[in-house]
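Participant: Letter by letter, the sequence shown follows residues 11 to 158 of our numbering.
Just so it is clear, CB atoms sit at the ideal spot from N, CA and C, and this is done for glycine as well.
Source: prediction; values computed, not measured.
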Amino acid sequence: MKSLDIYSNKNYISLDIDECINEPNSNCSEDAICNNTIGSYQCICKNGYLGDGIQCEDINECTATPPKCTGEDKRCTNYPGAYRCNCISPRQQLTKDESACINVSASVRGEIQIINLPFIPAYSDTSSSEYFETTQRITSQVWIFQFW
11 MKSLDIYSNK NYISLDIDEC INEPNSNCSE DAICNNTIGS YQCICKNGYL GDGIQCEDIN
71 ECTATPPKCT GEDKRCTNYP GAYRCNCISP RQQLTKDESA CINVSASVRG EIQIINLPFI
131 PAYSDTSSSE YFETTQRITS QVWIFQFW
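(1) Take the Cβ of F142 as the centre, count every other Cβ of all protein chains shown within 10 Å, and call the residue buried at 16 or more, exposed below.
(2) Compute the distance between the beta-carbons of C44 and S36, then report whether it is under 7 Å.
(3) To which residues does DSSP link C55 through a beta bridge?
(4) Please check the pair N46 and C30, which I expect to be a contact at CB under 8 Å, by giving their CB distance rounded to whole angstroms.
(5) Taking a contact to mean a Cβ-Cβ separation below 7 Å, would you say I27 touches A42 in this structure?
(6) For N88, count the other beta carbons within 10 Å of its own beta carbon; 16 or more makes it buried, fewer makes it exposed. Which is it?
(7) Closest to E40 by CA distance: which of T80, G81, P90 is it?
(8) Rounded to whole angstroms, how far is the Cβ of K84 from the Cβ of N96, which I believe are closer than 8 Å?
(9) Tell me the DSSP secondary structure of W158 in three-state form.
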């Protein structure tokens, strides 16, 4: 279904069709955002991607210049559209601003059971964007709980 907007000027009336309403017709990459303009549209790659909007490729922030996660004690893992820094040592954790690894005086070992989210196979793939997004949410909640 197309969306029509009417624009008026002193001399004429024109109709704009929102090409982004039916995105498969916009030819934008699935890693892009469709931006409707009067008489046309633009495809803009999402953050973490580079391209013309029709084709968007993941930016590997771990090999970019300047590199992310600098320092001998850190490891960078690239994810589709994102990255994550971790400390190499399991006895260390990143500071909130990710500028340094600090020693952890205690560690917790166990598992987290997610009961309010249906399981999809992508959660088992540690390089998938679904894995990244879910673990980001869990990690942020653990940080809140830890300092609460």
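Facilitator: On the basis of the supplied data:
(1) In the sequence shown, residue 142 corresponds to position 132, counting from 1. Burial state of F142 is buried, judged by a 10 Å Cβ sphere holding 16 or more other Cβ atoms.
(2) Within the sequence shown, residue 44 is the residue found at index 34, counting from 1. Within the sequence shown, residue 36 is the residue found at index 26, counting from 1. Here C44 is near S36, since their CB atoms are less than 7 Å apart.
(3) For this step, residue 55 is matched to residue 45 along the sequence shown. Beta-bridge partners of C55 (DSSP): A42.
(4) As a position in the sequence shown, residue 46 is number 36, starting the count at 1. As a position in the sequence shown, residue 30 is number 20, starting the count at 1. Taking C-beta atoms under 8 Å as the contact rule, N46 and C30 qualify, at a distance of about 5 Å.
(5) Taking the sequence shown and counting its residues from 1, one reaches residue 27 at position 17. Taking the sequence shown and counting its residues from 1, one reaches residue 42 at position 32. By the CB criterion at 7 Å, I27 and A42 fall outside the cutoff.
(6) The residue given as residue 88 occupies position 78 in the sequence shown. By the neighbour-count rule (16 or more Cβ atoms within 10 Å), N88 is buried.
(7) Within the sequence shown, numbered from 1, the residue matching residue 40 stands at position 30. Minimum Cα distance to E40 is reached at P90.
(8) Within the sequence shown, the letter at position 74 stands for residue 84. Within the sequence shown, the letter at position 86 stands for residue 96. At roughly 7 Å, the Cβ-Cβ gap stays under 8 Å, so K84 and N96 are in contact.
(9) Working through the sequence shown from its first residue, we reach residue 158 at position 148. Its pLDDT being 40, under 50, W158 is placed unreliably by the model, and the measurement read from it follows with that caveat. It is coil, neither helix nor strand.
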